[in-house]
Structures are given as structure tokens and as C-alpha cells.
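Colleague: Dropping a structure here in C-alpha cells format, bear with me for questions.
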Amino acid sequence: MLVKNKWKSSLALLLAGALALTGCASNANSNQSNKNKGTSMTIAYSDGGQTLDPAEAGDLTSDTLTMNAYDQLVTYGVKTVDGNQKANTEDIKPMLAKEWKASPDGKTYTFTLQDNAKFHSGNPVNAESVVYSMDHVKNSQNGSFMYKMASIKKVTAKDEKTVVVELERPNHLFLQMVAMYTFSVIDSKEMKGKGKDYLKTNTAGSGPYKVEKWDPASEAVLTANANYWQGAPKVSKVTMKFIKEPSNRVMLLNKGDVDLAIEIPPKDVDSIKQNAKLNVTSTPSNRILYFAFDQKVKPFDNVKVRQAINYAIPYDQLVHDVMYDQAKQLKSSIPSSMPGYTEEGFVYKHDLNKAKQLLKEAGLSNGFTFDFTLGSGFDDWKDDAVLIQAELQKIGVKMNIKPMARPEFLTGVDQRTLTSYISKWTSFVNDPGYHLGLLLYSKGSSNAFGYNNPQVDKLWEQAELEKDQQKREGLYKQMQVLINADAPWAYLYEYNRVIGAKKEVKGYVTYPDECIRFFPLSK
Amino acid sequence: MSAAEVSLSPVSVKNKKKKKTFFTLMLRNRLALIGLFFIIIWTLFALVAPFIAPHSPTETDTISKLQGPTAAHWLGTDNYGRDILSRILYGARISIWTGLIGVGISFLIGVPLGAIAAFYGGKIGDFIMRCMDVLLAFPSLILAMAIAASLGPGLTSAMIAVGIVGIPEFARLMYGQTITLKEKEFVEASKAIGVKDTTILFRHIFPNALGPILVHATLSMGFAILVASSLSFLGLGIQPPTPEWGAMISEGREYIITGQWWLVTFPGLAIATSILGFNLLGDGLRDVLDPRLRSSK
Numbered sequence: 001m002l003v004k005n006k007w008k009s010s011l012a013l014l015l016a017g018a019l020a021l022t023g024c025a026s027n028a029n030s031n032q033s034n035k036n037k038g039t040s041m042t043i044a045y046s047d048g049g050q051t052l053d054p055a056e057a058g059d060l061t062s063d064t065l066t067m068n069a070y071d072q073l074v075t076y077g078v079k080t081v082d083g084n085q086k087a088n089t090e091d092i093k094p095m096l097a098k099e100w101k102a103s104p105d106g107k108t109y110t111f112t113l114q115d116n117a118k119f120h121s122g123n124p125v126n127a128e129s130v131v132y133s134m135d136h137v138k139n140s141q142n143g144s145f146m147y148k149m150a151s152i153k154k155v156t157a158k159d160e161k162t163v164v165v166e167l168e169r170p171n172h173l174f175l176q177m178v179a180m181y182t183f184s185v186i187d188s189k190e191m192k193g194k195g196k197d198y199l200k201t202n203t204a205g206s207g208p209y210k211v212e213k214w215d216p217a218s219e220a221v222l223t224a225n226a227n228y229w230q231g232a233p234k235v236s237k238v239t240m241k242f243i244k245e246p247s248n249r250v251m252l253l254n255k256g257d258v259d260l261a262i263e264i265p266p267k268d269v270d271s272i273k274q275n276a277k278l279n280v281t282s283t284p285s286n287r288i289l290y291f292a293f294d295q296k297v298k299p300f301d302n303v304k305v306r307q308a309i310n311y312a313i314p315y316d317q318l319v320h321d322v323m324y325d326q327a328k329q330l331k332s333s334i335p336s337s338m339p340g341y342t343e344e345g346f347v348y349k350h351d352l353n354k355a356k357q358l359l360k361e362a363g364l365s366n367g368f369t370f371d372f373t374l375g376s377g378f379d380d381w382k383d384d385a386v387l388i389q390a391e392l393q394k395i396g397v398k399m400n401i402k403p404m405a406r407p408e409f410l411t412g413v414d415q416r417t418l419t420s421y422i423s424k425w426t427s428f429v430n431d432p433g434y435h436l437g438l439l440l441y442s443k444g445s446s447n448a449f450g451y452n453n454p455q456v457d458k459l460w461e462q463a464e465l466e467k468d469q470q471k472r473e474g475l476y477k478q479m480q481v482l483i484n485a486d487a488p489w490a491y492l493y494e495y496n497r498v499i500g501a502k503k504e505v506k507g508y509v510t511y512p513d514e515c516i517r518f519f520p521l522s523k
Numbered sequence: 001m002s003a004a005e006v007s008l009s010p011v012s013v014k015n016k017k018k019k020k021t022f023f024t025l026m027l028r029n030r031l032a033l034i035g036l037f038f039i040i041i042w043t044l045f046a047l048v049a050p051f052i053a054p055h056s057p058t059e060t061d062t063i064s065k066l067q068g069p070t071a072a073h074w075l076g077t078d079n080y081g082r083d084i085l086s087r088i089l090y091g092a093r094i095s096i097w098t099g100l101i102g103v104g105i106s107f108l109i110g111v112p113l114g115a116i117a118a119f120y121g122g123k124i125g126d127f128i129m130r131c132m133d134v135l136l137a138f139p140s141l142i143l144a145m146a147i148a149a150s151l152g153p154g155l156t157s158a159m160i161a162v163g164i165v166g167i168p169e170f171a172r173l174m175y176g177q178t179i180t181l182k183e184k185e186f187v188e189a190s191k192a193i194g195v196k197d198t199t200i201l202f203r204h205i206f207p208n209a210l211g212p213i214l215v216h217a218t219l220s221m222g223f224a225i226l227v228a229s230s231l232s233f234l235g236l237g238i239q240p241p242t243p244e245w246g247a248m249i250s251e252g253r254e255y256i257i258t259g260q261w262w263l264v265t266f267p268g269l270a271i272a273t274s275i276l277g278f279n280l281l282g283d284g285l286r287d288v289l290d291p292r293l294r295s296s297k
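Chains A and B, in that order, give the protein sequences.
Quick note: the working numbering has the first sequence finishing at residue 523, numbered continuously throughout.
Quick note: the working numbering has the second sequence finishing at residue 297, numbered continuously throughout.
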């Protein structure tokens, strides 16, 4: 009896507590929305992110969080193209470094830091922090590669506000790379006594926003850094809502529950355009999509087979029916917005007879069967795969589509266990040296398909040492022609980056790293 | 008149009576008949799909994509321009096949396990039944997802997942039946005259436990189709472009907000009617086969 009574009373207590809580919560909400009216912003993202550590970040949400919580030494300039603001990566602007000087041999850079820049903790941004941050990148798992790519040899603090960076060799991409979130400047004083893992879930930066809450399953809340050295941000609170389903993001945007939504599915662009309260920004991006084959696996070791597949791709269907024209056909191994881009040598078009003939020449007139791995997470990949599968069937090639969850897929790509797959690539540095060096140079860390053409390698190495921009571009053009003939991939398309936002949202700038900088946003 | 004759004759009379009442009772049960009707329809569709489907289920034609129901495409087309009616007809093959194989696995493993656990009892029985409890402790869909994910996506792994998830239910049902049956006089009598254990299990216990098991198997068919569709919906089932109902809904769901309702509605109806069919028939069978329920009516 006693037990029963106890049960009842605790239940009653629980109920009362729940009621009180819900009451409080709704009050709190209404208060907050009144107070922050006009200055808070909600943005719908697709993924919740992996880390807050700038040197380890590698997905769009993690990148965006670190980009806004930290500052870098330098940043990119902004230009206006077709009425949209876009980053100009060749135009390097000051950020935490107010000025810098390169030695005549191009191997030493001396940065002078801003006088008034402070971290969130109140500590001043000093040379020691920069040295600490560069070391952090060097010793990190993901960033260490960028460190090598930037050819940094040694970083030293000359005095409180002067940093000297010595390079292994002159690197025309050095400044462009230092502007990336990977090279964010970390508060070394704040980090004292804290382990490296502290940065995974905490930030110690000087950026315009502080990460107040980050729950990868639901949302992240960023509050403005009122003492930001460039002035307080106009939006005092940014909430990043993590919503996996694209249709849900579209719905929330249409209902006005979010101010901005990223990764809008192409098929929904027209419906959003019809909403008078919303704006759609669809801008060409650096993100390319390709169909890759492992060239060490038969029959893809035969260039004729790879070319045959290139002739079987229904290019127009992919761009028009899958992407609703929010993309454009990719016609080289580098995106068309990169300097040195050329379509020379790209002879492929949808021509099944030609494809059949090439298969015949390769001794495979009866076709063949191969496994294709479909990574999850992107609806258009599946649509592309199904349409390509139907075309290949017509030339006697059977493509078995094996769906795979994204983490497994990424591991498979890394460990080179997949025969063929579709994958995207975004080069954060808008330069063919960076892009081709990672993807198609035989020693490139992301050359997961075993492409190896000694001529291409030689040209790439030559271009790395070439100081003259024009000559360098010439070399990259030669590389592209050779690559086009080798057909290491079937090129699919270049994505547009599609963002939907309320009309009153201003200040959105497109960057090659696709991160939104919240600082210039307003509404 | 010997003792044997006396005891046998009433049984045979009873059997005849039971047979008669079984069919009359089934015919009187309208819901069960509706269920049977759905099952027959879908089985027929599955069998003759290649002959009656107006189009190829996998042929893409992007020019006529996302068309609503028309004369050429009765149930419309999907985002690749494939005919939804044809895909649903072919999909019936996959759903019913998955259901049969899945329930078959559950039945063939679960029933013997339950029977052995109850008949022998002791440590073996405890061990088997605790293992079943462990399986039951997981929500069935989560367990199916885990199994399907570890086996890799594909129709076979979906069938195996559906099968494994169903095992404990069959085992427990058979366990309960065997526990009661093994105390019955005819089993004790068989034991007393030295009949082998396997013979007792196969000849005496199994046929007498068949009724409830059959009911459960029928109900499980519906459940198996649902789990298989759910797995496909979650991307753990079949591979594209195989026409599977769950996968069709998964592909079509992105188009609900843009107004292309036919992509999800028709496969949804297919799943609903087939499951309803098996459930109604299962309920009807239970009403007829379970004497306790019958007498209470």
C-alpha cells in the first residue's frame, strides 16, 4: 500500500514538474523571440558536423562552425558576379595579419598582426598563438596534409606581433591556403593545461561568433562576439538547425520557420522561386561530380573501356532531368571557373554506337558486368546511377548498383576497395595545381582510382615550380588534354550551389569552401 | 469391441465434423474472405506480372517523367519516367517472395527450437529460450536493420533479416504449445510404449500445434512484407533499379511536397492491401482454429 502511494505521489510530482517546465519553456521562448527580434537568424543545414577543431574539420557543418568561431591570418576578397557576391580567391585581404611581406625568393613570409584583435577569452592575438596554431595543424590528422601542401617549413615568433613563416620552396598557393579554416588562429594561452581533445567540442578563437551550443543531432547556437575586433556582428544569434531531409528544409523555408536553407534540391528551386517572400541564389560552384573507375581493376585498366563508358553517359539527361538545370556539364577534369581551364580534348558525347564500337575494339563486344557502389546521402547520385545503368544496359554492360552508407563509402574510397563509384569534389583553393595535385597526380592523396600518367606527373611538377601564372596555366592546359584522352573518370557535372533565403536576408557571399560567413549577414 | 476401437471411433467422427465446420466457419467469416481475396489478387499479379505489365519496370524515359495517371501510364510515372503500374506489379513478386522466404526461415528455425526447448526442458530449454528473449529484447525493426546492415544491402540480406527477426515469436509459440501437449495422455502413452522422441515431436506434437502456428505464420507474412519494405525504405533492402514497394515510397517521398502524390500513394496502397490481406486472413484463421475463441462467440 505504502509503495503504491509512493508511486502515485512521485508520479504526481513528475507531472507537476513537467507542467511547470513546459510553462517555463514557452515563456522563455516568447521572451527571447521578443528580445532578439530582427537580430537572430535560423539557418537549415543538412548535417550536424563532426568536430569543432579547425585542423580536423572536413565536413561543411564543422567547417562553417570553425570558420565563424575563428579568424585566419588572411582572407579572400569579394567581387560581384551577375549580382551575386562571390569570393575572389586570388585577391588576398588582411584579417588577423594587417600586412605581410614575401621575401624576393618567395620562401619567407613575414606577417604583422592586428593591434586590437582579441580572442574570446580576452587574451590578445599574438605571434605565439599563431605559432601554436600552425603546430597544431602540423600535428593534426586531417590538417597535416594541408600543412605539407602549403610547403611550410618553420614558423617562428619574431616579436609579440610579428610572425615569420619559412617555406620549403616557393609556393604560389601559400597565402590562398593560409586563408582556409584549417589554419585558424587558436588562443594558445587559453589552451594551457588543456588536452588536444578540448578543441573537438570547444572553441578558443577570435572569430565573430562564439559557439554556445553544439548538438550534432539537433542544432548549434552561435552568439555574437560583442567585442569582435572588426566590430560586433549585425546578427546577434545564429541557430544552425540540422535537418537531413531536403524536403523538410524546403518546407521550413517555405513556411518561414528558417531564414536561410542550404543544399536546396534542384527540383524544388522553381517552387521556392514562386514564393514571393523568398530568394533563391543559384551560383556556379567548384563542386564537381565524376564517375570514377579503379584503373587497376579489369576491364577498367583498358582506356577503350573507360572511353566507351564516357560515350554512354546521358549527359543532357543528367543535367536537365536530374539536376533541373541547376548544374552544367563538366567537360574537363577541373571545374570551368578555375584559371587554366580548357575543354580541349573533351570529345565525349552521348553516342551508344561509338561506345559499342570502342567495347568491340577492347575485345568486349559482349559487354561485361561490374559492381558500382552508391554512397548514400545525395539523391542526385542515385538518379545519375540509375540513368547511367539504363544506358550501359543498352551496350551490354551490366552495372550492379550496391548502395552503401556514407561513412562506409568514404572508408571504401580511402582504402581503394571500390571498383567504381560516383563522387563529388570541391577544391577549396581555386587552382588547378591544388585540384589536380590531389586528384590526378599519381602521388595525390585523393587519387583513389590509381590514375598514373608519367607525362601528367611531369607537367604537374614542372608547373609547381613555374612562377609565371601564364606559363603555369599553359602547363595545366596540357595536363587536361592528356587526362581527357585517358578518361580516368567520366565527367558528370559541375554543381550550382543553391541557397534559399528570405528576401530580407542580406550579405550572403559564395566561397569556394561553401562555408557561409555569418559576419556580413544581416536582415 | 476392443478398447482401441472404442477410443478411435469418436475421434474420427469428430475430425469429420471439424473439417466441415472449418470451411463453413471460414466462409461465414467475411473479413477473412476479403483478406484471402487480396492475397489471391496479389499472388496472381506476382505470377503473371511479365504478361500483364504494360511497360518494362526498369526502362527509363525521362521525357515522360513525373506524369500523373494517364491512359498510357495508368498509375503515372516516376522521376525516371518508369511506369509505376508495371513497377508495382513486378514489386508484388519481390514482396511476396521476401515474405515467404522470411517467414519460412522463421518457421523452420523457430518451431524446432521451441519444440526442443519445451520437450527436453532443463538447461537446453532455458538456454534456447533465453536466447530467444535476447532477440525479443530488441525492437524488431532495429534488429532487422542491424542484421541487414551487417550483411550488406541486398534482397538476400533483407530476407535473412526478416527471417531472423521472426524466429523468437515462432519459438515461443511452439514452446507454449509443446509444454501443454507434452502433458497430454496421448503423448505420455506414446512415451510409455517407447516411441522415439523425434517421432513423438513430428507425429504427435507438431500436427496438434499446427493451428496456432499457421495463424501466426499468416500474420507474420504481413509483418515480413512490412519489415522488408521498411528496410528498402531505409536503403538497406534491394538494389536499384529493382522495383520494390518500400524503395518506391522512399524514392517518391521527396516528391510529395511538390505535388506528385502518385509516386508514393500507389506503392503505399499495395503494401497496405497486401498486409491487410494477410492480417485479415490470419485473424479469420485464428477465430476458426482456436476453439476457445469460437466458443466465446
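Where a beta carbon is used, it is the ideal one built from N, C-alpha and C, also for glycine.
#1: How is S144/A classed by DSSP in three states: helix, strand or coil?
#2: Output, in chain order, the set of chain A residues within a Cβ distance shorter than 9 Å of Q239/B.
#3: Are the CB atoms of Q295/A and G450/A nearer to each other than 9 Å?
#4: Examine chain E for any beta-carbon lying closer than 9 Å to the beta-carbon of H435/A, and answer yes or no.
#5: The alpha helix (DSSP H) with A221/B in it runs from where to where?
#6: Let me check one thing: in DSSP terms, what residues is M323/A bridge-paired to?
#7: From N279/B to L219/B, what distance separates their C-alpha atoms?
#8: Could you tell me how far apart the beta carbons of G211/B and L108/B are, in whole angstroms, since I believe they sit closer than 8 Å?
#9: With a 10 Å radius around its C-beta and 16 neighbouring C-beta atoms as the bar for buried, classify S420/A as buried or exposed.
#10: Could you give the distance in angstroms between the alpha-carbon of G104/B and the alpha-carbon of K65/B?
#11: So for Q239/B, helix, strand or coil by DSSP?
#12: Would you mind sorting E169/B into buried or exposed? The rule is 16 or more other CB atoms within 10 Å of its CB.
#13: Three-state secondary structure (DSSP) at N302/A?
#14: With a cut-off of 8 Å on the beta carbons, I'd call A148/B and L181/B a contact; round off their distance for me.
#15: For D503/A, which of helix, strand or coil comes out of DSSP?
#16: So is L21/A buried or exposed if we call it buried at 16+ other beta carbons inside 10 Å?
#17: Check the Cβ of P139/B against every Cβ in chain A and list those closer than 9 Å, keeping chain order.
#18: Which residues of chain B have a Cβ atom closer than 7 Å to the Cβ of K267/A, listed in chain order?
#19: Restricting to runs no shorter than 4 residues, where is the alpha helix (DSSP H) found entirely within the segment 439-521 of chain A?
#20: Kindly list the residues whose CB is nearer than 7 Å to the CB of L364/A, restricted to its own chain and excluding five residues on each side of it in sequence; keep chain order.
#21: Helix, strand or coil, according to DSSP, for K180/A in the structure here?
#22: State the Cα-Cα distance for the pair G367/A and Q389/A, rounded to the nearest angstrom.
#23: Exposed or buried, D53/A, counting other C-beta atoms within 10 Å across all chains shown (16 or more means buried)?
#24: Kindly list, in the order they appear in chain B, the residues whose Cβ is closer than 8 Å to that of V386/A.
#25: Which residues in the same chain as G58/A place their Cβ atom closer than 6 Å to its Cβ, once the five residues preceding and following it in sequence are excluded?
#26: Going along the chain, which residues of the segment 148-176 of chain B sit with their C-beta nearer than 7 Å to a C-beta in chain A?
#27: Taking CB distances under 9 Å as the criterion, tell me whether H320/A reaches chain B.
#28: Does the distance from the C-beta atom of G222/B to that of S190/B stay below 9 Å?
#29: Ignore the nearest five residues each way along the sequence and tell me which others in T283/A's own chain have a CB closer than 7 Å to its CB.
#30: Spell out whether any CB of chain A is found under 9 Å from the CB atom of V87/B.
#31: Between the segment 162-174 of chain A and the segment 144-154 of chain A, do at least 3 Cβ pairs fall closer than 8 Å?
#32: Closer than 7 Å, Cβ to Cβ, to anything on chain B: give me those residues from the segment 238-260 of chain A, in chain order.
#33: Where do the N-terminal and C-terminal ends of the beta strand (DSSP E) with Q85/A fall, by residue?
#34: Taking C-beta pairs closer than 9 Å, name the residues in chain A that K65/B reaches, listed in chain order.
#35: Spatial neighbours of L75/B within its chain, please: CB distance less than 8 Å, with the 5 preceding and 5 following residues excluded, ordered by chain position.
#36: Taking all protein chains shown into account, decide if G195/A is buried (16 or more other Cβ within 10 angstroms of its Cβ) or exposed.
Modeller: Judging by the given coordinates:
#1: The residue labelled residue 144/A in the question sits at position 144 within the first sequence. Here S144/A sits in helix by DSSP.
#2: Looking up residue 239/B in the second sequence gives position 239. Going along chain A in sequence order, the residues near Q239/B (Cβ under 9 Å) are L374, N400, I401, K402 and P403.
#3: Working through the first sequence from its first residue, we reach residue 295/A at position 295. Working through the first sequence from its first residue, we reach residue 450/A at position 450. Cβ atoms of Q295/A and G450/A: closer than 9 Å.
#4: Although the question refers to chain E, the structure presented lacks it and instead comprises the protein chains A and B.
#5: For the purposes of this step, residue 221/B is identified with residue 221 of the second sequence, where counting begins at 1. With the sequence shown as reference, residue 221/B is identified as Met, and Ala is not the correct amino acid for it. F206 to F233 is the extent of the alpha helix (DSSP H) around M221/B.
#6: As a working mapping, residue 323/A is identified with position 323 in the first sequence. For M323/A, which the question treats as bridged, DSSP gives no partner whatsoever.
#7: Walking along the second sequence from the start, residue 279/B turns up at place 279. Walking along the second sequence from the start, residue 219/B turns up at place 219. In a straight line, the C-alpha of N279/B is about 5 Å away from that of L219/B.
#8: The residue given as residue 211/B occupies position 211 in the second sequence. The residue given as residue 108/B occupies position 108 in the second sequence. Actually they are not in contact, since the Cβ atoms of G211/B and L108/B sit about 18 Å apart, beyond 8 Å.
#9: Locating residue 420/A in the first sequence gives position 420, counting from the first residue. Its Cβ being crowded by 16 or more others within 10 Å, S420/A is buried.
#10: Here residue 104/B is taken as the residue at index 104 of the second sequence, counted from 1. Here residue 65/B is taken as the residue at index 65 of the second sequence, counted from 1. For G104/B and K65/B, the distance between alpha carbons rounds to 38 Å.
#11: The count along the second sequence starts at 1 and reaches residue 239/B at position 239. In this structure, Q239/B counts as coil in the three-state DSSP scheme.
#12: The residue given as residue 169/B occupies position 169 in the second sequence. The residue in question, E169/B, is buried, as its Cβ has 16 or more Cβ neighbours within 10 Å.
#13: Against the first sequence, residue 302/A aligns to sequence position 302. In the structure shown, N302/A sits in coil (DSSP, three-state: anything other than H, G, I, E or B).
#14: Taking the first residue of the second sequence as position 1, residue 148/B is located at position 148. Taking the first residue of the second sequence as position 1, residue 181/B is located at position 181. A148/B to L181/B, Cβ: 35 Å. No contact.
#15: Residue mapping note: residue 503/A aligns to position 503 of the first sequence, counting from 1. Residue identity check: residue 503/A is Lys in the sequence provided, not Asp. Looking at K503/A - three-state DSSP - the assignment turns out to be coil, as it is neither helix nor strand.
#16: For the purposes of this step, residue 21/A is identified with residue 21 of the first sequence, where counting begins at 1. Unreliable positioning characterises L21/A in this predicted model, as indicated by a pLDDT of 43, which lies under 50. The coordinate reading is nonetheless provided below. Exposed: under 16 other Cβ atoms inside 10 Å.
#17: Here residue 139/B corresponds to residue number 139 of the second sequence, with the count starting at 1. Those within 9 Å of P139/B in chain A number zero; the least Cβ separation is about 19 Å.
#18: One-based indexing of the first sequence puts residue 267/A at position 267. Under the 7 Å cutoff, chain B gives T258.
#19: 454-465 and 469-486
#20: As a first step, residue 364/A must be located in the first sequence, where it is residue number 364. P299 and V305, listed in sequence order.
#21: The count along the first sequence starts at 1 and reaches residue 180/A at position 180. In the sequence as displayed, the identity of residue 180/A is Met instead of Lys. Here M180/A sits in coil by DSSP.
#22: Here residue 367/A refers to the residue found at position 367 of the first sequence. Here residue 389/A refers to the residue found at position 389 of the first sequence. When rounded, the distance between both Cα atoms is 13 Å.
#23: Start at 1 with the first residue of the first sequence, and residue 53/A comes out as number 53. When all chains shown are included, D53/A counts as buried.
#24: For the purposes of this step, residue 386/A is taken as the residue at position 386 of the first sequence. Under the 8 Å cutoff, chain B gives T60, Y80, P240 and P241.
#25: Within the first sequence, numbered from 1, the residue matching residue 58/A stands at position 58. If we look at G58/A and ignore the five residues flanking it on each side, its Cβ neighbours are N142.
#26: P153
#27: Counting from 1 along the first sequence, the entry for residue 320/A is found at position 320. Yes - at least one Cβ of chain B is within 9 Å of the one on H320/A.
#28: Here residue 222/B refers to the residue found at position 222 of the second sequence. Here residue 190/B refers to the residue found at position 190 of the second sequence. Not a contact, by the Cβ cut-off of 9 Å.
#29: The count along the first sequence starts at 1 and reaches residue 283/A at position 283. Counting only Cβ-Cβ distances below 7 Å, and skipping sequence neighbours, we find N84, K86, N496, R497 and T510.
#30: Translated into the one-based positions of the second sequence, residue 87/B becomes position 87. It is Arg, not Val, that sits at residue 87/B in the sequence shown. Cβ-Cβ to chain A under 9 Å: no for R87/B.
#31: yes
#32: P246, S247, V250 and M251
#33: Here the question's residue 85/A lines up with position 85 in the first sequence. Here the beta strand (DSSP E) through Q85/A covers N84 to P94.
#34: Taking the first residue of the second sequence as position 1, residue 65/B is located at position 65. By Cβ distance, chain A contributes D321.
#35: Start at 1 with the first residue of the second sequence, and residue 75/B comes out as number 75. P69, D83, I84, L85, I88, W262 and F266.
#36: The residue you call residue 195/A lines up with position 195 of the first sequence. Exposed: under 16 other Cβ atoms inside 10 Å.
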